[in-house]
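Here's the structure, in structure tokens; my notes come after.
Residue numbers (mature numbering (1 follows the signal peptide of the UniProt record, and there is no 0)): -19 to -1, 1 to 157.
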């Protein structure tokens, strides 16, 4: 009796799996086709340059303070040396904080990138969902995500259909 039950369950599951359709997209190809993505990258690049320029100014100021200290060290009293060294150390601390706040983990660059890219990812997800529903797919994977695909049959690639859904040019011109 148990064998019959196990055989029935196995048969049922295998029939269910055969009825499911799978597909995949490459969201990296899609996002690179979006004009908004190029704009976002341009804005991020501008911010990065501004912040890097500010960092360079801070570094030059520190270098100048250190050079001045070395040049005048023999003429300074112990108290004056301490004050100057404290000021240099304070500027270095400000620099490290600025770098961490702007370029560090979850710094402003990370926040801005997330802020600008999230709406684009949501737009792609909505279009992918529409394509999956139209094509009656049970699963639609993203080749660009952490999912590891050892092999993918091109006939299951729905990237072009998502690009069509987003009205992004001729899908035949999509780079692979």
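We put the beta carbon where it would ideally sit given N, CA and C, even for glycine.
Residue range of the alpha helix (DSSP H) that residue 127 falls in?
-> Taken as a continuous stretch (DSSP letters only), residue 127 belongs to no alpha helix (DSSP H), as it is neither H nor E.
Where residue 157 sits in the DSSP three-state scheme | Residue placement at residue 157 cannot be trusted, given a pLDDT of 49 that sits under 50; the coordinates are not used to answer.
Residue 86, DSSP secondary structure in three states = In the structure shown, residue 86 sits in coil (DSSP, three-state: anything other than H, G, I, E or B).
Residue range of the beta strand (DSSP E) that residue 5 falls in?
-> Note, residue 5: beta strand (DSSP E), 3 to 6.
Return the chain-ordered list of same chain residues with a C-beta closer than 8 angstroms to the C-beta of residue 73, the five sequence neighbours on each side being excluded.
-> Result list for residue 73: 43, in chain order.
Exposed or buried, what is residue 60 when buried is set at 16 or more other beta-carbons lying within 10 Å of its beta-carbon?
-> Here residue 60 is exposed: its Cβ has fewer than 16 other Cβ atoms, across all protein chains shown, within 10 Å.
Rounded straight-line distance, which links the Cα of residue 11 to that of residue 71 | Their Cα atoms are separated by approximately 46 angstroms.
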